[in-house]
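Engineer: The structure is given below, and queries will be raised subsequently.
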Amino acid sequence: MTPVVRIQREDFDLNAEVEALTRDRTDIGAIVTFAGLCRDEGGKLAALELEHYPGMAEAEIGRVAAEAVERWPLNGLVAIHRYGLIRPGGQIVLVVAASRHRRAAFEAAEFLMDYLKTRAPFWKREHLSDGTIGGWVEARADDDTAAARWN
Amino acid sequence: MIDSQAETRTLKLVYFAWVRERIGVAEETVEVPHEARTVADLVDWLRGRDEGYEMAFENAAIVRAAIDHVHVKPEASLAGAREIAFFPPMTGG
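Residue numbers (numbering that gives the first Met the number 0), protein chains in the order written: chain A, 0 to 150; chain B, 0 to 92.
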């Protein structure tokens, strides 16, 4: 099973991705989806700007996805990460994991997100509601802790 | 006579987020002395170039590096490297 990894500026459609993964198949018993959205942080935020490292972003998410395929019996795996300017309510990231039983799908989706947050070369910068450009978002220590528990 | 080709290695350097802003360019090609054998050596050499680099690497332990699209530690060898990237801890997802 080859994971689908896409790095794109355009929005994605969660239902269309699930449909593409399950079409004409009868062996899948569980689908877990995770979508990460842009928050407005209580009205403070006008948008998030996502910078990425083209080439490495695809390669690194591909390596993490391949690791998930090694660790869990999956029928399908999709990871999509957007870049550019994303407004509150907009979608940033999508993970879809399909397997025969729910546990593998839940765990693989969570593993992929935990590793993606600490290893995929993306950086967020805040654009504030007052029109100014805020600072770069700082990495969170609990994201490292979340990724480390899979070791 | 020393072959000048052997004294330096040509590397493409790319920078992201606040590392890019502090250095002032997104990418550049540099001739690095061969004495610089590791990523940490390269950082030391870059810091001596001007204050932008000094600012970018003032807390060198924070800045992450990748060689040819793969994450590496400061002690990683530059041998065979083509593109070295420096960037802050990642905040995607």
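Note that the Cβ used here is the ideal one computed from N, Cα and C, for glycine as well.
Is residue 89/B close to chain A, meaning its C-beta is less than 8 Å from at least one C-beta of that chain?
Structural biologist: Numbered from 1 along the second sequence, position 90 holds the residue referred to as residue 89/B. Judged by the 8 Å Cβ criterion, residue 89/B is in contact with chain A.
Engineer: Report the rounded CA-to-CA distance for residue 11/B versus residue 17/B, giving the unit in angstroms.
Structural biologist: To locate residue 11/B, count along the second sequence from 1; it is residue 12. To locate residue 17/B, count along the second sequence from 1; it is residue 18. Distance between the alpha carbons of residue 11/B and residue 17/B is about 19 Å.
Engineer: For chain B, check one thing: does any of its Cβ atoms lie closer than 8 Å to the Cβ of residue 116/A?
Structural biologist: Reading the first sequence from its first residue, position 117 is the one you call residue 116/A. Closer than 8 Å: yes.
Engineer: If we require 3 or more residues per run, which beta strand (DSSP E) segments fall completely within the region 70 to 146 of chain A?
Structural biologist: Fully enclosed beta strand (DSSP E) runs of 3 or longer: 73 to 81, 83 to 85, 90 to 98, 121 to 127, 132 to 135.
Engineer: Which one of 92/B, 65/B, 90/B has the shortest CA to CA distance from residue 83/B?
Structural biologist: The residue labelled residue 83/B in the question sits at position 84 within the second sequence. If we check each option's Cα against that of residue 83/B, 65/B comes out closest.
Engineer: Give me the subset of the region 24 to 50 of chain A whose CB atoms are less than 8 Å from a CB atom of chain B, sorted by chain position.
Structural biologist: Correct list: 35, 49, 50.
Engineer: Considering just the uninterrupted stretch of the beta strand (DSSP E) at residue 21/A, what are its terminal residues?
Structural biologist: As a working note, residue 21/A is residue 22 in the first sequence. No beta strand (DSSP E) holds residue 21/A; the alpha helix (DSSP H) holding it covers 13 to 21.
Engineer: Does any C-beta atom of chain B lie closer than 8 Å to the C-beta of residue 149/A?
Structural biologist: Walking along the first sequence from the start, residue 149/A turns up at place 150. Answer no: the Cβ-Cβ gap between residue 149/A and chain B never drops below 8 Å.
Engineer: Measuring CB to CB, does residue 31/A end up less than 8 Å from residue 119/A?
Structural biologist: Indexing the first sequence from 1 puts residue 31/A at position 32. Indexing the first sequence from 1 puts residue 119/A at position 120. The answer is no: Cβ separation not under 8 Å.
Engineer: Establish whether the CB of residue 44/B and some CB of chain A are separated by less than 8 Å.
Structural biologist: If you number the second sequence from 1, residue 44/B lands on position 45. Judged by the 8 Å Cβ criterion, residue 44/B is not in contact with chain A.
Engineer: Within this structure, are the beta carbons of residue 127/A and residue 91/A separated by less than 8 Å?
Structural biologist: On the first sequence, residue 127/A is found 128 positions in, with the first residue counted as 1. On the first sequence, residue 91/A is found 92 positions in, with the first residue counted as 1. Not closer than 8 Å, so no.
Engineer: Output, in chain order, the set of chain A residues within a Cβ distance shorter than 7 Å of residue 79/B.
Structural biologist: As a first step, residue 79/B is located in the second sequence; it is residue number 80 there, counting from the start. Those within 7 Å of residue 79/B in chain A number zero; the least Cβ separation is about 17 Å.
Engineer: Give the DSSP bridge partners of residue 13/B, in chain order.
Structural biologist: Here residue 13/B refers to the residue found at position 14 of the second sequence. Partner(s): 26/B, 84/B.
Engineer: Quick one: residues in its chain with C-beta nearer than 7 Å to the C-beta of residue 55/A, no 5 flanking neighbours on either side, listed in chain order?
Structural biologist: Locating residue 55/A in the first sequence gives position 56, counting from the first residue. Excluding sequence neighbours, residue 55/A sits near 120.
Engineer: Looking only at its chain, what residues have a beta carbon closer than 8 Å to the beta carbon of residue 93/B, apart from the 5 residues adjacent to it on each side?
Structural biologist: With chain B covering only 0 through 92, there is no way to say anything about residue 93/B.
Engineer: Apart from the five residues on each side of it in sequence, which residues of its chain come closer than 7 Å, Cβ to Cβ, to residue 39/B?
Structural biologist: Counted from its first residue, the second sequence places residue 39/B at position 40. Result list for residue 39/B: 73, 74, in chain order.
Engineer: For residue 24/A, which residues does DSSP report across the bridge?
Structural biologist: Within the first sequence, numbered from 1, the residue matching residue 24/A stands at position 25. According to DSSP, which records beta bridges pairwise, residue 24/A is partnered with nothing at all.
Engineer: Restricting to Cα atoms, I'd like to know which of 106/A, 36/A, 44/A, 57/A is closest to residue 67/A.
Structural biologist: Taking the first residue of the first sequence as position 1, residue 67/A is located at position 68. Ranking 106/A, 36/A, 44/A, 57/A by Cα distance to residue 67/A puts 106/A first.
Engineer: Since residue 3/A and residue 77/A are thought to touch, with beta carbons under 8 Å apart, how far apart are those beta carbons, to the nearest angstrom?
Structural biologist: The residue you call residue 3/A lines up with position 4 of the first sequence. The residue you call residue 77/A lines up with position 78 of the first sequence. Going by Cβ atoms, the distance from residue 3/A to residue 77/A rounds to 4 Å, so yes, they are a contact pair.
Engineer: Using alpha carbons as the reference points, say which of 85/A, 53/A, 99/A lies closest to residue 75/A.
Structural biologist: As a working note, residue 75/A is residue 76 in the first sequence. Comparing Cα-Cα distances from residue 75/A to each of 85/A, 53/A, 99/A, the minimum goes to 99/A.
Engineer: From the DSSP output, read off the bridge partner residues of residue 63/B.
Structural biologist: Your numbering for residue 63/B matches position 64 in the second sequence. In DSSP, residue 63/B forms a bridge with 86/B.
Engineer: Where residue 56/B and residue 147/A are concerned, what is the direct C-alpha to C-alpha distance, given to the nearest angstrom?
Structural biologist: As a position in the second sequence, residue 56/B is number 57, starting the count at 1. As a position in the first sequence, residue 147/A is number 148, starting the count at 1. Approximately 26 Å between the Cα atoms of the pair.
Engineer: Using the C-alpha atoms, what's the distance from residue 150/A back to residue 27/B?
Structural biologist: By one-based count along the second sequence, residue 27/B stands at place 28. By one-based count along the first sequence, residue 150/A stands at place 151. If you take the alpha carbons of residue 27/B and residue 150/A, they lie about 36 Å apart.
Engineer: Quick check on DSSP: helix, strand or coil for residue 0/B?
Structural biologist: Taking the first residue of the second sequence as position 1, residue 0/B is located at position 1. For residue 0/B, the predicted structure reports a pLDDT of 43, less than 50, and the residue's modelled location is therefore unreliable. A value from the coordinates is still provided. Correct three-state label for residue 0/B: coil.
Engineer: Residue 34/A and residue 89/B - do their beta-carbons sit closer together than 8 Å?
Structural biologist: In the second sequence, counting from the first residue as 1, residue 89/B sits at position 90. In the first sequence, counting from the first residue as 1, residue 34/A sits at position 35. Not in contact: residue 89/B and residue 34/A (Cβ atoms no closer than 8 Å).
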